Amino acid sequence: MANTKQWASYLKNYQLLPLRSAHYTCYQLQGKINTGATNTISAEITKLWNVGNSQPKSCDPVFSYWIKNGNPSSKTAFERSWKAINNKNYKIAKFAQKYVKTKSLNHSLNIFWSVQKNVALIANPNTLTSKTAHNADIAAYAIRKLAIKSPKLALKTWFRDRSRFNFSAEQRRYLNVYFGNKFAKSTYYDPAAPAILQKLDPKYKYDVISEWKIRLALIKQDWNQVIALIDSAPKSIQTKNRWIYWQETARQRANPRSYKAKYEPIMAERDFYSFIAAELKGNALKLNHNKTNISSELLDKLDDISAVSRIRELVKFGDTSSAYQEWRVLRESLNNKQILAMGYLVSNWGWHIQGIRIAAKLKAWDELSIRFPRSQNALFAELGTAKGIGNTWPVAIARQESAYNQYARSPAGARGFMQLMPATAKETAKKFDIPYSGKKDLYDPRTNISLGTAYLKEMMQKFNNQAHSTAAYNAGPHRVELWLKSRGKLPLDIWIETIPFDETRKYVQNVLTYSAIYDLLAGRKAEMFTAKDRAQLTLNRR
-12 MANTKQWASY LKNYQLLPLR SAHYTCYQLQ GKINTGATNT ISAEITKLWN
38 VGNSQPKSCD PVFSYWIKNG NPSSKTAFER SWKAINNKNY KIAKFAQKYV
88 KTKSLNHSLN IFWSVQKNVA LIANPNTLTS KTAHNADIAA YAIRKLAIKS
138 PKLALKTWFR DRSRFNFSAE QRRYLNVYFG NKFAKSTYYD PAAPAILQKL
188 DPKYKYDVIS EWKIRLALIK QDWNQVIALI DSAPKSIQTK NRWIYWQETA
238 RQRANPRSYK AKYEPIMAER DFYSFIAAEL KGNALKLNHN KTNISSELLD
288 KLDDISAVSR IRELVKFGDT SSAYQEWRVL RESLNNKQIL AMGYLVSNWG
338 WHIQGIRIAA KLKAWDELSI RFPRSQNALF AELGTAKGIG NTWPVAIARQ
388 ESAYNQYARS PAGARGFMQL MPATAKETAK KFDIPYSGKK DLYDPRTNIS
438 LGTAYLKEMM QKFNNQAHST AAYNAGPHRV ELWLKSRGKL PLDIWIETIP
488 FDETRKYVQN VLTYSAIYDL LAGRKAEMFT AKDRAQLTLN RR
């Protein structure tokens, strides 16, 4: 109807459209214009035009009509320019600016274009004034951009301007946290960083900055400062196992003759900090879990469902993509206990990653037999023992890397159980004389685990320490060497806590924890640290 310009019919049928996108709305407005029903359309057109992106071609005749009738106003055009700038649609922003006739608004946009071209202009206090429209937006944009090449100058500019202009809460949060991370996580420890973080967030409004204040005090091993910072932090930080551990550790280090760390409140849990606390106290590690009782009757009932049979067959033939599509439909008809029981079934079929996903979705953290598969234990034991690194550590690496998914492939191209990059695999195969003919071999369990354990052996030979070697497996040995060089010989638990990469810190803590869990599930004595490494923990260092 729109194509044949049957506008009266289009307007009548437009009311029946379930979804009225800009495309169809503009045809409706064309209809009103062509039938003379123009009394109330100006506001509708303004709303369509005043956006930070381009609109469909069906809107062009509508906008032409609207512009011929004296639109847009300078205020509307200025608003559109800024919406487009915020969306990085600079071509649209410059187009909209053509309609900005108010001198002060046009001046504000011209300042933005100047700053975009030469971001160093923002460091000049005269570039922006309190009267410049959108001064906070211009400053926030320019300071972020300046920080890429000149972080110290950008920080100085931020400290100057954050009280001059009316930044939004989100802009303040972003820039404070950005600079906090920038200076706290520097590869080389910056002695000025503690003062910078304190100035960025004196009232402990941002947890990430509060936590890095504590970490920087740990690097200095300033125990009284650690205690004071944790005491000043919000309850949301004070009550975490992480900071309970460090508060108690700092108290004992600050007063070694009169105080003994009280780790007991966290030792009844199952995480990195509860396990390290137990080891320091000389207590045996415990799983501390309450497994849900899943009856055989429930499992049998589920197994009789036709969709479950289809999923089992698809998994058997390696078509987990189709199996997952079947699962997405099936789960809508199941209650939480049935879904958890399905986690046990799919794990028994060898579809371990799906069992892990189910447990995570349900927050069923105590279902350890689903969360920590052991189907390849014999292969890990054989190859890990042959490399002299044992079987538990590489199993934990595989659990963290791929969630025990034989066919996992990362966006970067890492493959298989132990997520090896093809270039690393090729180099490792050559060093250790392991048969390897190309990327596809990384999906073969024996080849993947053989190469992965060989690379772990190489890291252990290089760093002589499981925590450092684990960090190297994740972030690369060159980074670990830099971190070790730049921060001195820190106690091992402080070194782990202050790893600059959040992902690598979590990775190392998970792998050490998973290693202990796998040992406990196998009925072996569990330790996260060898006696040699345990001697390097804060409370054991002399």
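The working numbering applies: residue -12 is where the sequence shown begins, and numbers increase by one. Idealized CB from N, CA, C, for every residue including glycine. None of these values were measured; they are calculated from a predicted model.
By alpha-carbon positions, which one of the options ends up nearest to residue i?
i: P181; options: N40, S308, I196, I231; result: I196
i: A64; options: K44, P48, S95, P43; result: S95
i: W100; options: R361, S320, G342, W69; result: W69
i: A179; options: F154, Y193, K207, D194; result: K207
i: K418; options: M408, D431, R396, Y442; result: Y442
i: G475; options: Y391, I436, Y176; result: Y176
i: F259; options: P59, L272, T415; result: L272
i: T279; options: D218, L349, V316, I292; result: L349
i: T119; options: A110, L321, D520, N97; result: N97
i: A351; options: P360, K19, G330; result: G330
i: E198; options: Q17, N211, L332, A220; result: A220
i: N58; options: S223, E313, K169, K88; result: K88
i: I486; options: N168, T22, R147, G39; result: N168
i: N93; options: A129, D148, K62, K449; result: K62
i: T307; options: E319, N122, V333, D148; result: V333
i: N335; options: P360, G18, Y11, V38; result: P360
Would residue i pass as a contact of residue j if the rule is Cβ separation under 7 Å?
i: A462; j: T491; result: yes
i: V302; j: I384; result: no
i: I201; j: N228; result: no
i: R358; j: I345; result: no
i: T174; j: S473; result: yes
i: R467; j: I483; result: Here residue 467 is Val; the residue named in the question, Arg, does not match the sequence. Taking 7 Å as the Cβ cut-off, V467 and I483 do not qualify as a contacting pair.
i: T236; j: A255; result: no
i: N275; j: R257; result: yes
i: P43; j: A83; result: no
i: L366; j: I281; result: no
i: I340; j: A401; result: no
i: W210; j: R244; result: no
i: T144; j: I130; result: yes
i: L526; j: L267; result: yes
i: Y250; j: R238; result: no
i: K324; j: K374; result: no
i: N122; j: F152; result: yes
i: P409; j: K426; result: yes
What's the C-alpha gap between residue i and residue j?
i: I421; j: H455; result: 25 Å
i: K81; j: Q406; result: 47 Å
i: C46; j: C13; result: 5 Å
i: E66; j: E157; result: 19 Å
i: A503; j: K139; result: 43 Å
i: G510; j: L162; result: 50 Å
i: A530; j: L205; result: No statement about residue 530 is possible, as the shown extent of the chain runs from -12 to 529 and does not include it.
i: Q15; j: I79; result: 24 Å
i: K34; j: T25; result: 15 Å
i: L108; j: F154; result: 19 Å
i: L438; j: S397; result: 17 Å
i: A(-11); j: A328; result: At A(-11), the pLDDT of 49 sits below 50, so the modelled position is not reliable and the matter cannot be decided from this model.
i: L469; j: F488; result: 13 Å
i: T457; j: Y191; result: 32 Å
i: G377; j: W230; result: 32 Å
i: P478; j: A127; result: 39 Å
i: M446; j: P464; result: 7 Å
i: A558; j: N322; result: The structure shown has nothing for residue 558, since the chain only spans -12 to 529.
i: R529; j: L370; result: 37 Å
i: I32; j: Y77; result: 22 Å
i: Y86; j: A134; result: 33 Å
i: L289; j: Y311; result: 16 Å
i: N40; j: V106; result: 24 Å
In chain order, what residues of the same chain lie with their CB nearer than 8 Å to the CB of residue i, ignoring the 5 residues before and after it?
i: I263; result: Y232, D480, M515, F516, L524
i: G337; result: V302, S362
i: N277; result: D353
i: F170; result: P138, L142, D177, A179, A180, I183, L184
i: K186; result: F146
i: E313; result: A294, R297, I298, L301
i: T116; result: N122
For residue i, which residues of its own chain have a beta-carbon under 6 Å away from its beta-carbon, when the five flanking residues on both sides are left out?
i: V164; result: Y193, V195
i: L317; result: A294
i: Q234; result: I217
i: W380; result: S502
Using C-beta distances below 7 Å, list every residue in its chain close to residue i, excluding the 5 sequence neighbours before and after it, in chain order.
i: A347; result: none
i: A513; result: L272, A503, D506, L507
i: Q393; result: G403, F404, Y430, P432
i: Q387; result: Y494, N497, V498, Y501
i: S309; result: L301
Is there contact here, the stretch 70 to 78 with the stretch 47 to 60, by at least three beta-carbon pairs under 8 Å?
-> Segments in contact, no.
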